[in-house]
Amino acid sequence: MLSACNYQPPRWLRNPHLQSMLASSRLRLRRGQQLLAASGAQTQELILDGGEGVRLQAWHSRPQGAPPKALALLLHGWEGSAESSYMRMTTA
Numbered sequence: 022m023l024s025a026c027n028y029q030p031p032r033w034l035r036n037p038h039l040q041s042m043l044a045s046s047r048l049r050l051r052r053g054q055q056l057l058a059a060s061g062a063q064t065q066e067l068i069l070d071g072g073e074g075v076r077l078q079a080w081h082s083r084p085q086g087a088p089p090k091a092l093a094l095l096l097h098g099w100e101g102s103a104e105s106s107y108m109r110m111t112t113a
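Sequence positions in the sequence shown follow this note's numbering and run 22 to 113.
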């Protein structure tokens, strides 16, 4: 099994600044959108009321025609977005 301590990125990706730039590139975002569309998942937006003016936006996705097996909860950071490329790629 590959772990973080023995991971060696390809030579062209060894620069951490390049990795940061590519992680948020439009190409990666577009690829995430394509993978999500190809999955055929049905996505529903939910707004959960936490009381006292607190609201939580959630997205529930499940593959079309497949029985539910498990639930994965993905949380982005405070300034993050469900539309970010890393969230889309993880979901796909």
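Think of the CB as a built atom: it goes at the ideal place given N, C-alpha and C, for glycine as much as any other residue. Keep in mind it's a predicted model, so treat the numbers as computed, not measured.
message: By DSSP's criteria, residue 66 is part of a beta bridge. Which residues make up the other side?
response: In the sequence shown, residue 66 corresponds to position 45, counting from 1. The partner list for residue 66 (beta bridge, DSSP) reads 80.
message: What residue range does the alpha helix (DSSP H) around residue 86 cover?
response: Position 65 of the sequence shown holds residue 86. Careful: residue 86 lies outside any alpha helix (DSSP H) and carries neither H nor E.
query: Which same chain residues, not among the five before or five after residue 82, have their C-beta less than 6 Å away from its C-beta?
result: Within the sequence shown, the letter at position 61 stands for residue 82. Closer than 6 Å at Cβ, skipping near neighbours: 62, 64.
task: Return the first residue and the last residue of the alpha helix (DSSP H) that residue 55 is part of.
output: Mapped onto the sequence shown, residue 55 falls at position 34. Note, residue 55: alpha helix (DSSP H), 47-60.
message: Since residue 44 and residue 107 should fall inside the 8 Å C-beta cutoff, what is the C-beta to C-beta distance between them, to a whole number of angstroms?
response: Position 23 of the sequence shown holds residue 44. Position 86 of the sequence shown holds residue 107. About 6 Å separates the two Cβ atoms, so the contact holds.
- request: Take the Cβ of residue 109 as the centre, count every other Cβ of all protein chains shown within 10 Å, and call the residue buried at 16 or more, exposed below.
  value: In the sequence shown, the residue the question calls residue 109 occupies position 88. When all chains shown are included, residue 109 counts as buried.
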